[in-house]
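K.L.:
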Amino acid sequence: MSAPDDRTAGLGPRRVEPSEDTGYSATVLGSHWIQRPGPDADGTLVAPAPRPDRVEGTVLRFGPGVTAAVAHRTHRTLPALPATPTPAPRRLRRHTLPVLVVLCVLAFLAWQRLGPSVQVRSVAVTARPAVLPCDGTADVVARVETDGRPGTLTYRWTRSDGTASGVLREVVARDQRQARLTLRWTFEGQGRHAARAEVEILSPAHLTANARFTYDCG
12 MSAPDDRTAG LGPRRVEPSE DTGYSATVLG SHWIQRPGPD ADGTLVAPAP RPDRVEGTVL
72 RFGPGVTAAV AHRTHRTLPA LPATPTPAPR RLRRHTLPVL VVLCVLAFLA WQRLGPSVQV
132 RSVAVTARPA VLPCDGTADV VARVETDGRP GTLTYRWTRS DGTASGVLRE VVARDQRQAR
192 LTLRWTFEGQ GRHAARAEVE ILSPAHLTAN ARFTYDCG
């Protein structure tokens, strides 16, 4: 019977006594640590092949759907379709003319409202009564003629006794062609006095007018 092969003697390492002619010791590995040559090998040990990073195979999927690769290829191969122009809605075309008419009317009204302001044509002042009795009050009225446009008049009264009112304002409406500005001047005590009241239009134009009356209490 032949001696057992050292390469298949055991599964674990074992100690081999050194021989007299070699002068070294060796550790014998189990058979699972040894790369055995194939049947037709010439006796040269071949290093084990490296383990592949990825193993190719087949992926089976159940149910609807496609793989990501197939979906990507399908997406790239779809032909581009030209965009179909959307026709303008008939309703929009039908309402274009009325909208333009309304916009024109609004623009005209805005021009009238925001256009030139009121213009003063003339101003005249009257005082009643012409002779004021004791402890009486005179009504001094200024009549301002305008062009009928809306706007605001600014004015002030000046009296012959050296007093004056502050700046006053009168708002006139559209088609209002006359504005009445009134001053009430009261006198008290004995005496006779020639009085004069003057109105000064400050804007939109600078105009003045005055009226005279007499206070007579004696």
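Count the sequence shown with our numbering and you get residues 12 to 229, in order. Cβ coordinates follow ideal geometry from the N, Cα and C atoms, glycine included. These figures come from a predicted structure and were not determined experimentally.
(1) I need the DSSP call for C228, collapsed to helix, strand or coil.
(2) Less than 9 Å between the beta carbons of D146 and G229, yes or no?
(3) Can you tell me which of the three DSSP states D32 falls into?
(4) Which residues mark the beginning and the end of the beta strand (DSSP E) in which H204 is found?
(5) Would the beta-carbon of A138 fall within 9 Å of that of P161?
(6) Work out the CA separation of A118 and V151 for me, nearest whole Å.
(7) Which residues bound the beta strand (DSSP E) around G162?
(8) In whole angstroms, give me the CA-to-CA distance for V113 and T107.
(9) Just to check my reading of the structure: L192 and E209 have Cβ atoms closer than 8 Å, yes? What is that Cβ distance to the nearest angstrom?
(10) Compute the Euclidean distance between the alpha carbons of R223 and R154, then round it to the nearest angstrom.
(11) Tell me the residue span of the beta strand (DSSP E) that contains A138.
(12) What number of angstroms, rounded off, separates the C-alpha of S128 from the C-alpha of A216?
(13) Can the beta-carbon of A121 be found less than 9 Å from the beta-carbon of D172?
(14) From the DSSP output, in three-state form, read off T107 for me.
(15) When the Cα atoms are used, what is the spatial distance from C115 to P109?
(16) Could you tell me the boundaries of the beta strand (DSSP E) in which R154 lies?
(17) Taking the straight line between their C-alpha atoms, what separation do you get for L179 and Y226?
(18) DSSP three-state label for A190, please.
(19) Could you give the DSSP three-state label for V112: helix, strand or coil?
(20) With C-beta atoms as the reference, is Y166 less than 9 Å away from L111?
(21) Please look up how many angstroms separate the CB atoms of A190 and A135, rounded, as I've assumed it's under 8 Å.
P.N.:
In terms of the structure at hand:
(1) strand
(2) Contact check for D146 against G229 fails: the beta carbons are separated by 9 Å or more.
(3) Only weak support is given to the placement of D32: the predicted model assigns it a pLDDT of 49, under 50, and the question is left unresolved by the model.
(4) 202-214
(5) At the C-beta level, A138 and P161 stay beyond 9 Å of one another.
(6) 42 Å
(7) 162-170
(8) Each residue's CA atom was taken as its position, placing V113 and T107 some 10 Å apart.
(9) So it is not a contact: roughly 12 Å between Cβ atoms.
(10) 15 Å
(11) 131-139
(12) For S128 and A216, the distance between alpha carbons rounds to 11 Å.
(13) Here A121 is not near D172, since their CB atoms are 9 Å or more apart.
(14) helix
(15) 10 Å
(16) 148-157
(17) 26 Å
(18) strand
(19) In this structure, V112 counts as helix in the three-state DSSP scheme.
(20) Their beta carbons are not under 9 Å apart, which means Y166 does not touch L111 by this criterion.
(21) The pair is not a contact, with the Cβ atoms about 12 Å apart (cut-off 8 Å).
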